[in-house]
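Notes for the one structure printed next.
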Amino acid sequence: MVKIFIPILLFSSICLCYAIISDMARNKGLIPSAPGEISIQRKQLKAIIESLLAACTEPDMETGVPFKAQAIIANPPAYGHAHVAEALGVPIHIFFTMPWTPTYEFPHPLARVPQSAGYWLSYIVVDLLIWWGIRGYINEFRKRKLKLPPIAYLSMYNGSISHLPTGYMWSPHLVPKPSDWGPLVDVVGYSFLNLGSKYEPKEEFMQWIQKGKEPIYIGFGSMPLEDPKNTMDIILEALKDTGQRGIVDRGWGDLGNFMEVPDSVFLLKDCPHDWLFPQCAAVVSDIIRL
């Protein structure tokens, strides 16, 4: 197998999703109240979409070895993946850690839908919101780079992955495959990076772990927090009331930023979970990390 590495500007695409999630968290609903961060992140999508074609067709940047993808593995936020696959005439398979395929059993992860009657519809609405925001870039990309016809703005296409083979990377023991997902979709289990075997923690961190009872890990990863300070206050109070030591992962929400914490709490940034979790008595986390 030849390994070719081409930088993909996927971080901006993730930021777009993060902006959508943040806006929904602030407004406690599905529909954004104003363009805000979404319009800012949307301006970066052109570079993201352009980078996908290069990743599938350009020579290796270091060795110059020619390359053309024979298949594409992508995730939903890498908007443009299906269009590149269409242009190259190669198969595409979606893998992701969050549900993106419509189901009546739970809502889209970017949506706040309290009533089960709206679960399936939430996927359609989120797809449409994102499609309306990126359709101009997608059609420009299709015409100029891929030499494909544009997609009509009012067509049924809205960025959905429902027609693509998809594997969701969580345990079926945690969330079984919904009964309304067809044969193209499956829950395939976790993928592990196995970074713990080579991880060397800082001496300060190891000394903290060893000087007391096993701590509780608390972290929310990329989940947006409407009020990080209030969330941190709740965490500290809960640890104090229960007499527990705690490792708090700062995450994207910057938990504990500019705060003084007691000696029983350690603020952490970037640590392999396969090394960290065996050091802990319990784990409190958002569902995406489990």
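FYI, the numbering for the sequence shown is -19 to -1, 1 to 271, going by mature numbering (1 follows the signal peptide of the UniProt record, and there is no 0).
The beta-carbon is built from N, C-alpha and C at its ideal position, and this holds for glycine as well.
Pair within 9 Å by beta-carbon distance, residue i and residue j
i: residue 216; j: residue 261; result: no
i: residue 102; j: residue 62; result: no
i: residue 147; j: residue 81; result: yes
i: residue 253; j: residue 174; result: yes
i: residue 227; j: residue 247; result: yes
i: residue 142; j: residue 26; result: no
i: residue 157; j: residue 168; result: yes
i: residue 123; j: residue 111; result: no
i: residue 87; j: residue 159; result: yes
i: residue 73; j: residue 145; result: yes
i: residue 243; j: residue 221; result: yes
i: residue 264; j: residue 258; result: yes
i: residue 71; j: residue 52; result: yes
i: residue 267; j: residue 201; result: yes
i: residue 105; j: residue 83; result: yes
Cβ-Cβ separation, residue j to residue i (assumed contact under 8 Å), whole Å
i: residue 199; j: residue 230; result: 7 Å
i: residue 77; j: residue 187; result: That belief does not hold up - the Cβ atoms of residue 77 and residue 187 are roughly 34 Å apart, past 8 Å.
i: residue 79; j: residue 90; result: 5 Å
Buried/exposed call for residue i, threshold 16 Cβ in 10 Å
i: residue 166; result: buried
i: residue 134; result: exposed
i: residue 46; result: exposed
i: residue 60; result: buried
i: residue 54; result: exposed
i: residue 176; result: exposed
i: residue 213; result: buried
i: residue 28; result: exposed
i: residue 171; result: exposed
i: residue 180; result: exposed
i: residue 204; result: buried
i: residue 40; result: exposed
i: residue 109; result: exposed
i: residue 130; result: exposed
i: residue 57; result: buried
i: residue 164; result: exposed
i: residue 189; result: buried
i: residue 92; result: buried
i: residue 98; result: exposed
i: residue 12; result: Confidence at residue 12 is low in this model, with a pLDDT of 48, below 50, so its placement is unreliable and the value that follows should be read with caution. So residue 12 ends up on the exposed side.
Where residue i sits in the DSSP three-state scheme
i: residue 294; result: Look at the range of the chain in this structure, -19 to 271, and you will see that residue 294 is not part of it.
i: residue 180; result: coil
i: residue -18; result: Residue confidence is low: residue -18 scores 48 on pLDDT, short of 50, so the model does not pin down where it sits. No coordinate-derived value is stated.
i: residue 166; result: strand
i: residue 228; result: strand
i: residue 154; result: coil
i: residue 55; result: strand
i: residue 201; result: coil
i: residue 159; result: coil
i: residue 142; result: coil
i: residue 238; result: coil
i: residue 41; result: coil
The beta strand (DSSP E) enclosing residue i, as first and last residue numbers
i: residue 265; result: 263 to 266
i: residue 73; result: 73 to 77
i: residue 249; result: 246 to 249
Residue range of the alpha helix (DSSP H) that includes residue i
i: residue 68; result: 62 to 69
i: residue 258; result: That residue, residue 258, is in no alpha helix (DSSP H); it is neither H nor E in DSSP.
i: residue 111; result: 100 to 125
9 Å Cβ cutoff, residue i in contact with chain B
i: residue 36; result: The structure shown has no chain B; it contains just one protein chain.
Residue i beta carbon near the ligand MN (any heavy atom closer than 8 Å)
i: residue 148; result: Annotation note on the ligand MN: not contained in the displayed structure, which lists no ligands.
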